[in-house]
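In the numbering used here, the protein residues as written are 1 to 181.
The structure is reproduced here in structure tokens:
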């Protein structure tokens, strides 16, 4: 049950309290460490899926934990960035509401025997959110680059993709429901 792929996913979840603790004392060093840890956690998201498929370690636990770990990591970081005043709350609210809505719809679909896997837009959304959160965690200027500004531009792009992928997911679920009745 706890194979390498699931251990990587669990490791991603365990980075969350450390990142949050680092952000409780925001300065250039703790922000850099939080961004570095977030980067490592994000890489495990790629690695756990590759390991699971290559080593035939795909499990129901992994199918449940992997998207949950993504949502917990991204949601926790966004909430901390709002607390620090580095990200507007409304963006975080939209992103978290989309995640909760899609998760709820996925549970309803599963109850009806339907499985809707994450599509390319959902995967792209997660990647773009992660790419945005890296510079937002850095927040300060490094090598003359305004990391916060770069992160905000990426976050606005991620927000558009988040809303689009959520709408696309709902549309696909609606199509599946129509054809199953």
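Backbone N, C-alpha and C fix where the C-beta goes; we use that ideal spot for every residue, glycine too. Please read these numbers as outputs of a predicted model, since none were measured by experiment.
Where residue i sits in the DSSP three-state scheme
i: residue 169; result: helix
i: residue 87; result: coil
i: residue 62; result: helix
i: residue 174; result: helix
i: residue 17; result: helix
i: residue 32; result: helix
i: residue 38; result: helix
i: residue 67; result: helix
i: residue 2; result: coil
i: residue 110; result: helix
Beta carbon of residue i nearer than 8 Å to that of residue j
i: residue 31; j: residue 153; result: no
i: residue 96; j: residue 122; result: no
i: residue 187; j: residue 169; result: Nothing about residue 187 can be reported from this structure: the residues present for the chain run from 1 to 181 only.
i: residue 157; j: residue 35; result: no
i: residue 109; j: residue 173; result: yes
i: residue 19; j: residue 4; result: no
i: residue 98; j: residue 151; result: no
i: residue 159; j: residue 94; result: yes
i: residue 23; j: residue 80; result: yes
Minimum Cβ-Cβ distance from residue i to chain C less than 8 Å
i: residue 5; result: In the structure shown, chain C cannot be found, because there is only a single protein chain.
8 Å contact criterion, which residue i and residue j should meet: CB distance rounded
i: residue 91; j: residue 137; result: Their Cβ separation, rounded to whole angstroms, is 15 Å, which puts residue 91 and residue 137 out of contact at 8 Å.
i: residue 15; j: residue 65; result: Incorrect: roughly 14 Å between the Cβ atoms, too far for contact.
i: residue 44; j: residue 85; result: Rounded, the Cβ-Cβ distance is 29 Å, inconsistent with contact.
i: residue 41; j: residue 73; result: 6 Å
i: residue 125; j: residue 162; result: 5 Å
i: residue 239; j: residue 87; result: Shown here, the chain extends from 1 to 181; a query on residue 239 therefore has no answer.
Point to revise | Segments of 4+ residues assigned as alpha helix (DSSP H) that fall wholly inside the segment 117-162 | key: 120-138
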